[in-house]
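In this note's numbering, the protein residues as written are 12 to 327.
Notes to accompany the following structure.
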């Protein structure tokens, strides 16, 4: 216990010593204070913090602000964010430039993405009664699976909060995973946290779980994006609990390919022992087709956004 605590203390000291160092491309900024980052506007908020768009010397950043508390578990989530986002070299995870620690807050400075997939769905897809094409869903799936597998293989971490709001897209069509505030070591995985609507059956029941719980959440996310509606109808947590634990797993509509149906069936296998792991997903026909397929996500996104603006529904 003492050895573990000493290691945690040393890790925290290393984190504190790097506060205020921002590496943006080739430029290293040192001794940066939060007052040096001019706020432009809010980008969003969640259970563990809010995100604002800020400027440092004409460079645009997304800055996640999290308040430190006396609650040890909440602070662990903050430090997990710092640990994962500053120690990854995966191109499908949102890039961190560094962080700033003050007396009562932690600010993580990240690359600016355009929006999350939840916003894309609600603001652009549903109002126009559109659907996300299967090839685009494939170009969402491959980066997310790659990022999750990277977290597992390189850091022994599972995300534990996969949902549309934690998958981001930029105007170049790049898809990246974000928000590791509730990520955790795989060996310490019997808590039931995360957005309940996307929890796997075993997590709903507060049973032991592993990385395959994230695969279930990915499956629910993909069905929601494919159909523009959440796959389980519910008005209370009890109805949701019953649906996830007792009802059959949701299915795609018939207008999607057989291979995509097969892929999602393996993601949404209620028996966790039969559910696919990352290696099995990567070996499936649909995944391999989507990985090799040429699909212009940038052009598709531009067409979706431009269509709404032409209809006069832009929020600007």
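Glycine included, each C-beta is placed from N, C-alpha and C at the ideal position.
Just so you know, these numbers come straight off a predicted model, no measurement behind them.
Along the beta strand (DSSP E) that carries residue 108, what are the first and last residues, could you check?
Numbered from 1 along the chain shown, position 97 holds the residue referred to as residue 108. Where residue 108 is concerned, the enclosing beta strand (DSSP E) stretches over 107-112.
Can you give me the start and stop residues for the beta strand (DSSP E) that residue 298 sits inside?
As a working note, residue 298 is residue 287 in the chain shown. Here residue 298 belongs to no beta strand (DSSP E); instead the alpha helix (DSSP H) covers 296-303.
To which residues of the same chain is residue 272 closer than 6 Å at the C-beta, ignoring the five residues directly before and after it?
Numbered from 1 along the chain shown, position 261 holds the residue referred to as residue 272. So the list reads 263, once near-sequence residues are dropped.
Here's a check: name, in chain order, each residue in its chain whose Cβ is nearer than 8 Å to the Cβ of residue 52, leaving out the five neighbours to either side.
Here residue 52 is taken as the residue at index 41 of the chain shown, counted from 1. Excluding sequence neighbours, residue 52 sits near 63 and 64.
For a test of the three-state rule: what should DSSP assign to residue 120, helix, strand or coil?
In the chain shown, residue 120 corresponds to position 109, counting from 1. Here residue 120 sits in strand by DSSP.
For residue 76, which beta-bridge partners are listed by DSSP?
Counting from 1 along the chain shown, the entry for residue 76 is found at position 65. BP columns for residue 76 point to 61 and 118.
Residue 309 to residue 81, Cα distance in whole Å?
Position 298 of the chain shown, counted from the first residue, corresponds to residue 309. Position 70 of the chain shown, counted from the first residue, corresponds to residue 81. Cα to Cα, residue 309 sits roughly 44 Å from residue 81.
Within 10 angstroms of the Cβ of residue 313, are there 16 or more other Cβ atoms? Answer buried if so, exposed if not.
Translated into the one-based positions of the chain shown, residue 313 becomes position 302. The residue in question, residue 313, is exposed, as its Cβ has fewer than 16 Cβ neighbours within 10 Å.
If you follow the beta strand (DSSP E) that residue 187 is part of, which residue opens it and which one closes it?
Working through the chain shown from its first residue, we reach residue 187 at position 176. Run containing residue 187: 186-188, per the beta strand (DSSP E) assignment.
Tell me where the alpha helix (DSSP H) around residue 161 begins and ends.
As a working note, residue 161 is residue 150 in the chain shown. Element bounds for residue 161: 145-166.
Could you give the first and the last residue of the continuous beta strand (DSSP E) run that contains residue 182?
Within the chain shown, the letter at position 171 stands for residue 182. Looking at the DSSP string, residue 182 is not in any beta strand (DSSP E), and its letter there is neither H nor E.
Taking buried to mean at least 16 other C-beta atoms within 10 Å of its own C-beta, is residue 195 buried or exposed?
Taking the chain shown and counting its residues from 1, the one referred to as residue 195 is at position 184. Here the model assigns residue 195 a pLDDT of 49, short of 50, so the residue's position is not dependable and the matter cannot be decided.
Would you report the Cα separation of residue 221 and residue 289, rounded to the nearest angstrom?
What you label residue 221 is simply residue 210 of the chain shown in a count that begins at 1. What you label residue 289 is simply residue 278 of the chain shown in a count that begins at 1. Straight-line Cα distance between these residues: approximately 12 Å.
With residue 155 and residue 188 assumed to form a contact (beta carbons below 8 Å), what rounded beta-carbon distance in angstroms separates them?
Your numbering for residue 155 matches position 144 in the chain shown. Your numbering for residue 188 matches position 177 in the chain shown. Contact holds; Cβ gap of about 6 Å.
Can you give me the C-alpha to C-alpha distance between residue 29 and residue 110, rounded to a whole angstrom?
Walking along the chain shown from the start, residue 29 turns up at place 18. Walking along the chain shown from the start, residue 110 turns up at place 99. About 8 Å.
At what residues does the alpha helix (DSSP H) containing residue 253 begin and finish?
Residue numbering aside, residue 253 sits at position 242 when the chain shown is read from its first letter. That run of the alpha helix (DSSP H) goes 248-257.
Alpha helix (DSSP H) containing residue 231: first to last residue?
If you number the chain shown from 1, residue 231 lands on position 220. That run of the alpha helix (DSSP H) goes 223-238.
Could you compute how far the alpha carbon of residue 301 sits from the alpha carbon of residue 115?
The residue given as residue 301 occupies position 290 in the chain shown. The residue given as residue 115 occupies position 104 in the chain shown. Looking at the two C-alpha atoms, the distance is approximately 45 Å.
Based on Cα-Cα distance, which residue from 38, 239, 181 and 247 lies nearest to residue 328?
In the structure as shown, the chain begins at 12 and stops at 327. Residue 328 is therefore absent and cannot be evaluated.
Quick one: residues in its chain with C-beta nearer than 7 Å to the C-beta of residue 174, no 5 flanking neighbours on either side, listed in chain order?
Against the chain shown, residue 174 aligns to sequence position 163. Within the same chain, residue 174 has close Cβ partners 206, 209, 228 and 232.
Using a 10 Å radius around the Cβ and a threshold of 16 neighbouring Cβ atoms, would you call residue 274 buried or exposed?
On the chain shown, residue 274 is found 263 positions in, with the first residue counted as 1. Buried, because 16 or more other Cβ atoms sit within 10 Å of the Cβ of residue 274.
Would a C-beta distance cut-off of 8 Å place residue 254 and residue 279 closer than the cut-off?
Locating residue 254 in the chain shown gives position 243, where the first residue counts as 1. Locating residue 279 in the chain shown gives position 268, where the first residue counts as 1. Cβ distance not < 8 Å, so residue 254 and residue 279 don't count as in contact.
Check this for me: beta carbons of residue 45 and residue 118, under 8 Å apart or not?
On the chain shown, residue 45 is found 34 positions in, with the first residue counted as 1. On the chain shown, residue 118 is found 107 positions in, with the first residue counted as 1. Yes, they are a contact pair.
Alpha carbon to alpha carbon, how far is residue 219 from residue 139?
For the purposes of this step, residue 219 is identified with residue 208 of the chain shown, where counting begins at 1. For the purposes of this step, residue 139 is identified with residue 128 of the chain shown, where counting begins at 1. Approximately 41 Å between the Cα atoms of the pair.
Say the cut is 7 Å; is the CB of residue 63 nearer than that to a heavy atom of the ligand FMN?
The model on display carries no ligand, and the ligand FMN is accordingly not part of it.
Secondary structure at residue 274, three-state DSSP: helix, strand or coil?
The residue you call residue 274 lines up with position 263 of the chain shown. Note: residue 274 maps to helix in three-state DSSP.
What does DSSP give as the partner residue(s) for residue 40 in the beta ladder?
Your numbering for residue 40 matches position 29 in the chain shown. 33, per the DSSP bridge assignment.
Mapping DSSP to helix, strand and coil, what is residue 173?
Start at 1 with the first residue of the chain shown, and residue 173 comes out as number 162. Three-state DSSP puts residue 173 in coil, outside helix and strand.
So who's on the other strand from residue 67, going by DSSP bridges?
Position 56 of the chain shown, counting from 1, holds the residue named residue 67. Paired residue(s): 70.
So for residue 127, helix, strand or coil by DSSP?
Locating residue 127 in the chain shown gives position 116, where the first residue counts as 1. Three-state DSSP puts residue 127 in a strand.
Name the residue from 182, 250, 120 and 157 whose alpha carbon lies nearest to the alpha carbon of residue 225.
Here residue 225 refers to the residue found at position 214 of the chain shown. Closest by alpha carbon: 157.
Given a cut-off of 8 Å on the beta-carbon distance, is the pair residue 55 and residue 41 in contact?
For the purposes of this step, residue 55 is taken as residue 44 along the chain shown, with counting starting at 1. For the purposes of this step, residue 41 is taken as residue 30 along the chain shown, with counting starting at 1. No, these two residues do not count as a Cβ contact at 8 Å.
Using the Cα positions of residue 161 and residue 24, report the straight-line distance between them to the nearest angstrom.
Locating residue 161 in the chain shown gives position 150, where the first residue counts as 1. Locating residue 24 in the chain shown gives position 13, where the first residue counts as 1. Roughly 26 Å between the two C-alpha positions.
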